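Visitor: Quick note: the sequence shown uses this note's numbering, first residue 2, plus one each step.
Even for Gly, the Cβ is constructed at its ideal location relative to N, Cα and C.
Being a predicted model, the structure only gives us computed values, none of them experimental.
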Amino acid sequence: MIKSWWLRFRLRQIALELMISVCLACLVWLYTHNRARHTIEHVAVPVQVQLAAQQRDQFSLGLTEQRTVLASFSGPQSRMREVRRKLQRGLLSASLTVTIPEDKKVEEMFSEILHVDEESLNVPAGIKVELAQDSVSVMVHRLTERSLPVRLEFTGEARVSQIKIEPATVLVRGPKSVLDQASFLPTKPYAIQVNASAQPAADSKVSAQVSLVTELDGRPITVNPATVQFHCVAVPKQKIYELTGVPVHFLCPKDCPWKPRFEQESKVGLKLIGPVMDQTPPVLAFIDLTSGNLARGRNVGQLRLQLPKDFQLADATLPPVSFYLDEVERPVDTTSK
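This is the structure in structure tokens:
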């Protein structure tokens, strides 16, 4: 009787010990498994989109903005370290290939929705990927060719005329929606330099080679040929004129009581900046006697100038000019008593 009771008690104790051991083993396995797996949540992963190889000569993709999807990663610690390194170096991305369906090949421009899946991300083996946002939109443009006239774009302080471009027209390949709106193809800006003292003459001719632009309205294009030769006549927009021996006059009011004079003939030299002219610009230099404190004898006045339109002094200040004032002799009235 006692032996039977003892056996039942011992069996129950062994069963309980086995149950406790199994539970402890499960807890250890769960702890070890959770320690071995790590997660990275809601990371923006860039999406690289390209056309199918056989359609790259017929279409182009409008990818002016960087496209991304939100992804979460989980996996073993050793693999997650590799994922983190790729994210930090910008090497982790999703790659998609677009194949244009037959029913859309005749359209000039259309939008396409692309879906990103786990296979399109270049993650190490053993990494689980969860996508919170799995679609991106791209714009597809049909390519065409068109001949466009070339227009010279230039910079610099010069007036350009008699422009001749060789060749005058070029063959441009790009999105049909863009080329249909274009009336010309500009060159890249060319800096035309001319000497400010140069006169309009044969030596002001400019010849150079300039590259054509590689995009229109923000869309890439290809041009054949990529460069053109141009010839033009360039003269400075402004020129520096050095004038010598400009006579100085007097501006007198009506019934002026003074007779102005210089001790000797007064002439000044001036330096002007203005538009290019074949002749010397006309300048009037004078002393204004209509205002100011004037007295008999020696006076000092400020030189004033009357310049042609669009001309100005190269030097900001003018030197004062000395002159003499004599009283005007008035005839004596002999009729009055």
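My parser needs the beta strand (DSSP E) runs of 3 or more residues fully inside the stretch 178-236; what are they?
Guide: Runs of the beta strand (DSSP E) inside the stretch 178-236: 206-212, 223-225.
Visitor: Assign Lys268 to buried or exposed, taking buried as 16 or more other Cβ atoms, counted over all protein chains shown, within 10 Å of its Cβ.
Guide: Exposed: under 16 other Cβ atoms inside 10 Å.
Visitor: Count the other CB atoms within 10 Å of the CB of Arg13; is the residue buried (16 or more) or exposed (fewer)?
Guide: When all chains shown are included, Arg13 counts as exposed.
Visitor: Given this structure, state the Cα-to-Cα distance separating Phe324 from Lys238, to the nearest angstrom.
Guide: C-alpha separation (whole angstroms): 38 Å.
Visitor: Gln210 and Thr342 - do their beta-carbons sit closer together than 8 Å?
Guide: Because the chain spans 2 through 338 in this model, residue 342 falls outside it and cannot be assessed.
Visitor: Between Lys106, Leu132, Pro102, Leu252, which lies nearest to His43 when the distance is taken from Cα to Cα?
Guide: Out of Lys106, Leu132, Pro102, Leu252, Leu132 has the C-alpha closest to the C-alpha of His43.
Visitor: Per DSSP, which residues does Leu97 bridge with? Please list them.
Guide: Answer is Val50.
Visitor: Hey, could you find the ends of the beta strand (DSSP E) Met110 is sitting in?
Guide: Segment 110-116, the beta strand (DSSP E) holding Met110.
Visitor: Across which residues does DSSP place Thr69 in a beta bridge pair?
Guide: Answer is Pro47.
Visitor: With H, G and I counted as helix, E and B as strand and the rest as coil, what does DSSP make of Lys129?
Guide: Lys129: strand per DSSP, three-state reduction.
Visitor: Can Arg86 and Val137 be called in contact, C-beta distance under 8 Å?
Guide: Not in contact: Arg86 and Val137 (Cβ atoms no closer than 8 Å).
Visitor: Relative to the C-alpha of Gln232, which residue among Gln313, Glu216, Tyr191 is closest?
Guide: The question names Gln, but residue 232 is His in the sequence shown. Checking every option, the nearest Cα to that of His232 belongs to Tyr191.
Visitor: Per DSSP, which one or two residues make a beta bridge with Pro282?
Guide: Pro282 is not bridged to any residue.
Visitor: Quick check on this structure: which residue in Arg152, Gln182, Asn225 has the alpha carbon closest to the alpha carbon of Thr188?
Guide: Taking only the C-alpha atoms, the option nearest Thr188 is Arg152.
Visitor: Taking all protein chains shown into account, decide if Leu186 is buried (16 or more other Cβ within 10 angstroms of its Cβ) or exposed.
Guide: Leu186 comes out buried.
Visitor: Can you check whether the CB of Gln49 is closer than 8 Å to the CB of Ser94?
Guide: Taking 8 Å as the Cβ cut-off, Ser94 and Gln49 qualify as a contacting pair.
Visitor: Check whether the Cβ atoms of Ile41 and Phe74 lie closer than 8 Å to each other.
Guide: Taking 8 Å as the Cβ cut-off, Ile41 and Phe74 qualify as a contacting pair.
Visitor: Mind checking His116: buried by the 16 CB within 10 Å criterion, or exposed?
Guide: Exposed: under 16 other Cβ atoms inside 10 Å.
Visitor: Name the residue from Arg299, Asn300, Ile241 whose alpha carbon lies nearest to the alpha carbon of Ala315.
Guide: The shortest Cα separation from Ala315 among Arg299, Asn300, Ile241 belongs to Ile241.
Visitor: For the beta strand (DSSP E) that contains Gln307, what are its first and last residues?
Guide: Its beta strand (DSSP E) spans residues 304-307.
Visitor: So, helix, strand or coil for Arg57, using DSSP?
Guide: Three-state result, Arg57: coil.
Visitor: Would you give the residue range spanned by the alpha helix (DSSP H) that Leu88 belongs to?
Guide: Where Leu88 is concerned, the enclosing alpha helix (DSSP H) stretches over 78-90.
Visitor: Considering Cα atoms alone, identify which of Leu244, Leu295, Asp118 is closest to Leu285.
Guide: It is Leu244 whose Cα lies nearest to the Cα of Leu285.
Visitor: Are the beta-carbon atoms belonging to Met273 and Leu319 less than 8 Å from one another?
Guide: Going by the sequence as given, residue 273 is Leu instead of Met. No, Cβ-Cβ distance for Leu273 and Leu319 is not below 8 Å.
Visitor: Assign Leu12 to one of three DSSP states: helix, strand, or coil.
Guide: The answer is helix: DSSP assigns Leu12 an H, G or I state.
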